[in-house]
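Numbering (this note's numbering), first residue to last: 94 to 359.
Don't be surprised by glycine CBs; every beta carbon is placed ideally from N, CA and C.
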Amino acid sequence: MAMLLRSALRPLRALGGRRGPAADVWLRGARHGAGLLYPGHIPTSPLQKALLAAGSAGMALYNPYRHDMVAVLGETTGYYALKFLRDQMRKDPEGAEILQKRPRISLSTLDLDKLRSLPEGSLGQEYLRFLDVNRVSPDTRAPTRFVDDEELAYVIQRYREVHDILHTLLGMPTNLLGEITVKWFEAVQTHLPMCILGALFGPIRLSAQSLQVLISELIPWAVQNGHRAPCVLNLYYERRWEQPLRALREELGITDAPHVHVRGLA
């Protein structure tokens, strides 16, 4: 067993020293080294993926803020869900263009001065406000490593990079209650096992008051909106920064969150 664990965890050692943001331009059409499908790709066997999934699931449940473990869990368990999302994108004109052009959301691709100059209430202005208020950065999202399909690797990278935009759309903060609420929305939208596990087991760490609010108000709202909204990966957000956030919510069928004090609960 020890030998199996060492074999499975060997790919994680390759992550050392690679904590910087991913390349802004997603390279395509060529193999990068022996068996590598994209920059940073770490090929793994089915057994390695299974053991990595089990280990990362335990760590992610113990500490939901271990985004590196959440990332590994998503990549090692999400193959069929990623194919589903990729197919949804291919069927949609805007989604298909995203797959073709491979836009990235990072500090090096965002024009922060332009976002700050946008009208009050615009998507770009509200997204930047979300980043500032919650002290988060788009560069904290881990680059894809363990997905053995170049196009699906981009799909999960795109999902990660629009995660904070989903927080903005849903009006949810980054505390535990807000993250779990977003995970319920994402679980309905993406079918990713990582999101489903986070939605189901994340509430274990909540206080009784927060759990009551989540079950009675936030979960029904998130599930309803997740079903009603079209695939959120089909939106070319970089072209919608000037769109009023209220108008975008109406376009997607996203209703206002329940009037509960989410920010004060954990």
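With 16 or more other Cβ atoms from the protein chains shown falling within 10 Å of its own Cβ, Ile198 counts as buried.
Among the bridge pairs identified by DSSP, Ser215 is matched with Pro337.
Taking the Cβ atoms as the reference, Thr267 lies roughly 24 Å from Asn327, outside the contact range of under 8 Å. Less than 8 Å separates the beta-carbon of Leu224 from that of Ser230. In this structure Ile191 is buried. Its beta-carbon is surrounded by 16 or more other beta-carbon atoms within 10 angstroms. Listed in chain order, the non-local C-beta contacts of Glu187 below 8 Å within the same chain comprise Asn327, Leu328 and Tyr329, local neighbours out to five positions each way being set aside. The shortest C-alpha to C-alpha distance from Leu285 to any of Glu168, Ile135, Glu344 and Ser300 is the one to Glu168.
Asp232 carries a helical assignment under DSSP once its states are collapsed to helix, strand and coil. Taking a cut-off of 8 Å on C-beta distances, the region 151-161 touches the region 281-295, as three or more cross pairs fall below it. Rounded to whole angstroms, the gap between the alpha carbons of Thr170 and Arg339 is 35 Å. Straight-line measurement puts the Cα of Val275 at about 7 Å from the Cα of Leu259. Judged by DSSP in its simplified three-state form, Thr202 adopts coil rather than helix or strand.
Assigned with DSSP and collapsed to three states, Ser138 falls in coil, not helix or strand. Distances from the CA of Ser201 to each of Arg332, Asp232 and Trp334 were compared; the closest alpha carbon is that of Asp232. Taking C-beta atoms under 8 Å as the contact rule, Arg234 and Glu219 fail to qualify, at a distance of about 19 Å. The criterion of a C-beta distance shorter than 8 Å is not satisfied by Leu341 and Arg332. Per the coordinates, the alpha-carbon of Leu269 lies some 14 Å from the alpha-carbon of Leu290. Leu304 places its beta carbon 8 Å or farther from that of Pro351.
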